[in-house]
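This note's numbering numbers the first residue of the sequence shown as 103 and each following residue consecutively.
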Amino acid sequence: MYAITGITGPVGGALAETLLAAQQPLRAVVRSTEKGQPWAARGCEVALAEMSDAAALAAAFRGATGVFILLPPIFDPSPGYPEAREVSAAVRAALEEARPARVVCLSTIGVQATQPNLLNQLSLLEQALGELSLPVAFLRAGWFLENSVWDVEPACETGVIPSFLRPLDKPVPMLATADVGRVAAELLQDTWSGKRVVELEGPVRVTPYDIAESFTRLLQRPVCTEKVPRAIWEGFFISQGMRNPTPRMQMLEGFNEGWIEFEGGPEGSQKGRTTLDTVIRQLLERKGRT
Numbered sequence: 103m104y105a106i107t108g109i110t111g112p113v114g115g116a117l118a119e120t121l122l123a124a125q126q127p128l129r130a131v132v133r134s135t136e137k138g139q140p141w142a143a144r145g146c147e148v149a150l151a152e153m154s155d156a157a158a159l160a161a162a163f164r165g166a167t168g169v170f171i172l173l174p175p176i177f178d179p180s181p182g183y184p185e186a187r188e189v190s191a192a193v194r195a196a197l198e199e200a201r202p203a204r205v206v207c208l209s210t211i212g213v214q215a216t217q218p219n220l221l222n223q224l225s226l227l228e229q230a231l232g233e234l235s236l237p238v239a240f241l242r243a244g245w246f247l248e249n250s251v252w253d254v255e256p257a258c259e260t261g262v263i264p265s266f267l268r269p270l271d272k273p274v275p276m277l278a279t280a281d282v283g284r285v286a287a288e289l290l291q292d293t294w295s296g297k298r299v300v301e302l303e304g305p306v307r308v309t310p311y312d313i314a315e316s317f318t319r320l321l322q323r324p325v326c327t328e329k330v331p332r333a334i335w336e337g338f339f340i341s342q343g344m345r346n347p348t349p350r351m352q353m354l355e356g357f358n359e360g361w362i363e364f365e366g367g368p369e370g371s372q373k374g375r376t377t378l379d380t381v382i383r384q385l386l387e388r389k390g391r392t
C-alpha cells in the first residue's frame, strides 16, 4: 500500500496514475471526502488529513509500504515561512509514529542554496525529514514545464509571452510533471537505506526562446517572448494579490544568476523523457486552443 499526499495535483496525480497502471494499491491522503471521491471510485483507499495535522497524517500513513510527501505549494508565504515549518514538523512527527518502510519527498533544484529565496521552504522540509531514522529519498525536481500554462493566453491572444527568466537564451533545467510522477513511482517501489537524493530534469534544458518557438510550431503562427522589466516585478506581483513577493523574486533571480542549480550540477542529474512540445501541446488542448 502506497500513501500519496498531493494526489489531487499534477505531480501526485501522475504518480498515482503510474502506480495504478502497475496495479499497486493506493491510499489517497486528501483534505476532504469530496477531493477523495474520484480516487475512491478507482479503487483507492481514502484518508482525510490536513498537512499540518500530525495525528491525522500518522493515521493516514500507518501500514503503508511507502509514503509520498508533497509540501503544499505556498507562493506567497509569511516572513520566516511559518506555514512550511508547521507542515514540516507535522509530517516528521507523523512519519516517526507511522514508520512506513520508505518515504519519497518531492523537493527542488537549488534546495542547498544558502541565499534567501522561495525554495527555502523545501530546505526546511529536507532538514526535518533528513533526521528521520527511515529510508528517505528526496526527489529534487527542476522548473516544471507546466508553468507555461500561464503563457497559453498571451501566446494565443497577443503572440507575445512575458518572461521573468533572463537572458532569454539561457537554458533552464525544466521537466514535465509526468516524469516527476514516473520517477517517484520507481523510487517508492525500490529499496534503499538511509538518505537518498535524486536530482531530476528534462531531456534537454529549455530557454524562454525555446518555449516561444514551441508555441510557434504548435499554433502555426509567430509567437515571441519579451523580458518583464525587473523594476516592475514587485508592483506586478502585488497587483496580483501577493503580500510578500520578495521570496518569489529572489527565486527568479536565483535561476537567472545561476545559483539555483542542482547540487551535482547538470552532469549529476537524471534526465526525463517528456519533451517541451509534448507539454505545450497538452496545455493548449486543456485550454481548448488547438
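Note that CB positions come from ideal geometry on N, CA and C, so glycine has one too. All values derive from a computational prediction rather than experimental measurement.
CB contact flag (residue i, residue j, <8 angstroms)
i	j	result
V330	S265	yes
R194	L221	no
E359	I211	no
G370	G304	no
A186	L227	yes
L267	F357	yes
R242	F364	yes
L150	V169	no
For residue j and residue i, the rounded distance between their alpha carbons
i	j	result
P347	L197	32 angstroms
R164	R204	12 angstroms
G296	K272	36 angstroms
R417	G108	This structure cannot settle anything about residue 417, because the visible part of the chain is limited to 103 through 392.
P324	S180	40 angstroms
S250	A191	32 angstroms
P127	P269	46 angstroms
P349	N219	4 angstroms
A215	I362	7 angstroms
P368	P275	8 angstroms
V213	L290	21 angstroms
E328	P202	48 angstroms
Buried versus exposed call for residue i [16 or more other C-beta atoms within 10 Å across all chains shown]
i	result
A157	exposed
G390	exposed
A287	buried
Q125	exposed
I263	buried
T279	buried
R345	exposed
D292	exposed
R284	buried
Range covered by the alpha helix (DSSP H) that runs through residue i
i	result
V131	Counting along the chain, V131 falls outside any alpha helix (DSSP H), though it belongs to the beta strand (DSSP E) covering L128 to V132.
V205	Per DSSP, V205 belongs to no alpha helix (DSSP H); it is in the beta strand (DSSP E), R204 to T210.
F364	Unbroken run through F364: none, as it is neither H nor E.
F338	W335 to S341
I106	Here I106 belongs to no alpha helix (DSSP H); instead the beta strand (DSSP E) covers Y104 to T107.
Beta-bridge partners of residue i, as assigned by DSSP
i	result
E303	K373
S265	K329
M276	W245
Run of the beta strand (DSSP E) containing residue i, from where it starts to where it stops
i	result
R242	V238 to A243
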